[in-house]
Structure formats: C-alpha cells, structure tokens
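Enquirer: Final position of the sequence shown in our numbering is 1695; the numbers increase by one with none missing.
Mind looking over this structure? Questions follow.
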Amino acid sequence: MKDDYILIVDDELPIREMIHTSLDMAGFHCLQAEDARQAHQMIVDQRPALILLDWMMPGGVSGVDLCRRLKRDETLAEIPVIMLTARGEEDHKVQGLDAGADDYMTKPFSTRELVSRIKAVLRRSNALSGEKSIDANGLILDPVSQRVSFGPNILEMGPTEYRLLAFFMTHPERAYTRAQLLDQVWGGNVYIEDRTIDVHIRRLRKVLEPFGADRYVQTVRGTGYRFSTRADVALG
C-alpha cells in the first residue's frame, strides 16, 4: 500500500463519495467501507495511513466502538483516527477523544477544512512515531510497541494519556499552556474546554504515581504544565 491511503468509513454512500473526490483532488488515495465490520477487515489488510470514521453506523458496532477496538490492538493502535459525526456537543467530543480519536469533525464540514485536519493529524502522528525508545529516569516509552514501562512493569493507560505522555517526553523541560497542549496533542481545531487537559493530566499522574514518576508531570503556576525529571525543579 501507499503511505497516504485514507480509509473513509461511513454508511452513507454520497458522503463517502464526496469525501473521496475531495481527498483525491488533494493528492490522497482512498479506500471506502460502509460499516465497522468491513472497515476492520480493510484496516487489518490494507493498513491505511489514517481513518475517517463516522460515529453512527448500522450493524450494532458504532464508530466509537471500532475506535476503542483499534486502540486496544497493539498492531493497529498507531493508526490515527478522525471521528466524523453530526453530534456537536462537548461530551460527545470528549467520548470520541477518550476512545482514542486523534481529532473530531462535526457534520456538515467543509472539505478544505477536512483536508487541513488530515494533514495536521498526519504531521502530529509522524512526529510521535519515531522508532527510538525514550528513557526518563527509568520511565521508558517505546513508540514502536506504544508501551510505557517502569522497570519490569508495563503501565496501563488510555490512548489520550499515552499521546500526552509521548508529547511531554519528546518535549521535556519546557512549560506549555493548556491551549498549546490542546493544539499539539489534540489539534488546534478540537473545540473542547481547557479543563479537559486537567482531567487527562490527573489520569496520567495516577498511572505514574505508583512508580514515583507522577512528579515528572509538573504544574507551572500561571502557565500550564511541563515534563521534567530534574530534582531541583519545584512543583507549582
């Protein structure tokens, strides 16, 4: 397959064809699936570079369900997902992002914006998909297997917390505002409240706490957060 294949998963043929035409004009190659079962088989067989996944689909398996399944599969978890949905409420966006989606678009949307979002997600995904493990005082992140470990222990965390930690560990010793973290980890066009960052920071710290690594994720008063293993840096 080619690296720029995009899988469009939507039960409505006119929407799939509209997106397909727009992405083809933008230089992408596309595949189409009409339900979650067909999509999963194509993902396993074709390994697309990105998945455009509709929230509501027939057959009893929703787009969110499929997204969760993909993110639990170590061989497929690294494929970025953009959720497409007619639901614009914040709690639905948070559900999609918590399921592991990399971005979220509410129908109707402009095809120009969709192409822009796809390019941005692919850039972020490529930036976080290096092959060299990162070691921060015993906390090890392996981007190939997408595992985080401390000594012999494998740390279990959600896909959003993993992406947040991966960004922190690849950008240590620098303070980031919540808005910057939203832009870097979720994408600047994901309209969720800043407090969502605080929720995921708390979840990440809870996973790291048994190993004393929660202190690496530091609050910077008046700014936001930073990742640092330096003992001389006081927490905010």
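A virtual CB, placed ideally from N, CA and C, is assigned to each residue, including glycine.
With a threshold of 6 Å on Cβ separation, who are the neighbours of Ala1558 within its own chain once the five nearest residues in sequence on each side are excluded?
Expert: The residues are Val1523, Cys1526, Arg1527.
Enquirer: Can you tell me whether Leu1472 is buried or exposed, with buried defined as 16 or more other CB within 10 angstroms of its CB?
Expert: Result: exposed.
Enquirer: Just list the residues that DSSP pairs Met1564 with in beta bridges.
Expert: Leu1543.
Enquirer: So the candidates are Ile1510, Pro1539, His1499; which of them puts its Cα closest to the Cα of Val1520?
Expert: Of the candidates Ile1510, Pro1539, His1499, the one whose C-alpha sits nearest the C-alpha of Val1520 is His1499.
Enquirer: Can you tell me the Cβ-Cβ gap for Leu1556 and Ala1508, rounded? I've got them flagged as a contact below 8 Å.
Expert: Incorrect: roughly 20 Å between the Cβ atoms, too far for contact.
Enquirer: Under a Cβ-count criterion, where at least 16 other Cβ atoms within 10 Å of its own Cβ denotes burial, should Thr1480 be classed as buried or exposed?
Expert: By the 10 Å Cβ count, Thr1480 comes out exposed.
Enquirer: What would DSSP say about Val1403, mapped onto helix, strand or coil?
Expert: The structure shown does not extend to residue 1403, since the chain is modelled only from 1460 to 1695, so the question has no answer here.
Enquirer: Distance check for Lys1665 and Glu1615, CA to CA, integer angstroms please.
Expert: Computed Cα separation, rounded: 11 Å.
Enquirer: With DSSP run on the structure shown, which of helix, strand or coil describes His1488?
Expert: Strand at His1488.
Enquirer: Between which two residues does the beta strand (DSSP E) holding Ala1595 run?
Expert: Unbroken beta strand (DSSP E) run through Ala1595: 1593 to 1595.
Enquirer: Taking DSSP's pairing of strands, which residues face Gly1683 in a bridge?
Expert: In DSSP, Gly1683 forms a bridge with Thr1636, Val1679.
Enquirer: Checking 7 Å against the spacing of the C-beta atoms, do Ile1467 and Leu1535 come in under that value?
Expert: Result no, Cβ atoms of Ile1467 and Leu1535 do not sit closer than 7 Å.
Enquirer: State the Cα-Cα distance for the pair Ala1545 and Arg1606, rounded to the nearest angstrom.
Expert: So the two alpha carbons sit approximately 33 Å from each other.
Enquirer: Excluding the 5 residues flanking Thr1682 on each side, which residues of the same chain have their C-beta closer than 7 Å to its C-beta?
Expert: For Thr1682, where only same-chain residues beyond five positions count, the Cβ hits under 7 Å are Ala1634, Thr1636.
Enquirer: Starting from Asp1504 and walking both ways along the alpha helix (DSSP H), at which residues does that stretch end?
Expert: Segment 1495 to 1505, the alpha helix (DSSP H) holding Asp1504.
Enquirer: Suppose contacts are defined by Cβ-Cβ distances below 7 Å. Is Leu1663 in contact with Leu1600 by that definition?
Expert: Going by C-beta atoms, Leu1663 is not nearer than 7 Å to Leu1600.
Enquirer: Going straight from the alpha carbon of Gly1695 to that of Asp1483, what length do you get?
Expert: Interpretation of Gly1695 is limited by its pLDDT of 46, a score under 50 that renders its predicted location unreliable; no figure is taken from the coordinates.
Enquirer: So Ala1595 and Thr1678 are in contact, right, with Cβ under 8 Å, and what is the actual spacing, rounded?
Expert: Contact doesn't hold; Cβ gap of about 18 Å is too wide.
Enquirer: Can you give the Cα-Cα distance for Asp1561 and Val1540, rounded to whole angstroms?
Expert: Roughly 5 Å separates the two Cα atoms.
Enquirer: Where does Arg1689 sit, in a helix, a strand or coil, going by DSSP?
Expert: Coil at Arg1689, not helix or strand.
Enquirer: Would you call the CB atoms of Phe1626 and Val1644 closer than 7 Å?
Expert: Yes, these two residues count as a Cβ contact at 7 Å.
Enquirer: Quick check: the Cα distance between Asp1532 and Gln1505, rounded to an integer number of angstroms?
Expert: Taking the straight line from one Cα to the other gives about 15 Å.
Enquirer: Going along the chain, which residues of its own chain have a beta-carbon closer than 8 Å to the beta-carbon of Ile1478, five neighbours each way excluded?
Expert: If we look at Ile1478 and ignore the five residues flanking it on each side, its Cβ neighbours are Ile1467, Asp1469, Cys1489, Leu1511, Thr1570, Leu1573.
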